[in-house]
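Structure first, then comments.
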Amino acid sequence: MEKNETAKSLTPYCRPGARRSGTWEVRFDRVRMLNEKGEETTRFKIGEELTVEMSYFGISGTDVNYIIGFTRLDGVFCYGSTVRLDCKHMLKAQAKGTAVFKTKNILAKGKYVLDVRIRAEDESFIDNIYSLIEFESYTDNVTDAGVMIMDHVWHVDGKKVPVNEE
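Quick note: the sequence shown uses our numbering, first residue 7, plus one each step.
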């Protein structure tokens, strides 16, 4: 089976255009996006917790770096995070395990795709999946534009401008 085809087995939300590559010493066998209630979904309200849960299996002891990325549907890369950037070293994969990324959703209203990766110390791809899941960031009260929502306050002529929360 072609590697791109195997992406379909990872999630019921696999995008038709998902692309997969890598050496597969360690590889993902399930990827889920969860809301703050722990429910698998592709819709996340701005401000709520967003979790990416990545189950994997492979050669125990392999040096790995787990990576996630969010890209807007128009191709604008919006955010990426890696375990190695956070802890400053590679991790050792177990024979079977789970990597979990949690954040507060601050992406602006719109549609995005999730990329997940496992890279080696030399940055080569162990398991690399682009555009795996399309998801939506939504709100009923649009107050910002761009790629993210930032907590903010406006003051004009010395007075705080109230937020319209229709």
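Note that beta-carbon positions come from the ideal geometry of N, C-alpha and C, so glycine has one too.
(message) Once DSSP output is grouped into helix, strand and coil, what is the label at E55?
(response) strand
(request) Please decide whether P18 counts as near chain B, where near means a Cβ-Cβ distance under 8 Å. (result) Given the protein chain composition of this structure (a single chain), no chain B is represented.
(message) For E172, count the other beta carbons within 10 Å of its own beta carbon; 16 or more makes it buried, fewer makes it exposed. Which is it?
(response) The predicted model places E172 with a pLDDT of 45, which falls under 50 and marks its position as unreliable; any figure quoted below should be read in that light. With fewer than 16 Cβ atoms within 10 Å of its Cβ, E172 is classed as exposed.
(request) Find the nearest neighbour of Y136 within the set V37, V32 and E31, judged by alpha-carbon distance. (result) Taking only the C-alpha atoms, the option nearest Y136 is V37.
(request) If I'm right that S87 touches A114 with Cβ under 8 Å, what's the distance once you round it to whole angstroms? (result) Going by Cβ atoms, the distance from S87 to A114 rounds to 18 Å, so no, they are not a contact pair.
(request) Could you check the C-alpha separation between S23 and L138 for me, to the nearest Å? (result) Going by the sequence as given, residue 23 is Gly instead of Ser. Approximately 8 Å between the Cα atoms of the pair.
(request) Rounded to whole angstroms, what's the CA-CA distance from V82 to G164? Just pull it up for me. (result) 37 Å
(message) Counting beta carbon pairs with one atom in the region 123 to 130 and one in the region 61 to 79, are three or more of them shorter than 8 Å?
(response) yes
(message) Check this for me: beta carbons of E31 and L40, under 8 Å apart or not?
(response) In this structure, E31 sits away from L40, with a CB-CB distance that is not shorter than 8 Å.
(message) In whole angstroms, give me the CA-to-CA distance for K43 and T145.
(response) 17 Å
(message) Suppose you measure from the CA of F63 to the CA of A99; what does that come to, to the nearest Å?
(response) 8 Å
(request) Note down, one range per segment and in chain order, each beta strand (DSSP E) of at least 3 residues found wholly within the region 56 to 142. (result) 69 to 78, 83 to 88, 102 to 110 and 116 to 125
(request) Let me know the secondary structure DSSP gives K165 once reduced to three states. (result) Three-state result, K165: strand.
(message) Quick check: what's the CA-CA separation for T29 versus S130?
(response) Just so you know, the alpha carbons of T29 and S130 end up roughly 9 Å apart.
(request) With a 10 Å radius around its C-beta and 16 neighbouring C-beta atoms as the bar for buried, classify V58 as buried or exposed. (result) buried
(request) For S66, collect the residues of the same chain with a Cβ closer than 8 Å to its Cβ; drop the 5 residues on either side in sequence, then sort them by chain order. (result) K98, A99, Q100 and A101
(message) Classify D128: buried if its beta carbon has 16 or more other beta carbons within 10 angstroms, exposed otherwise.
(response) exposed
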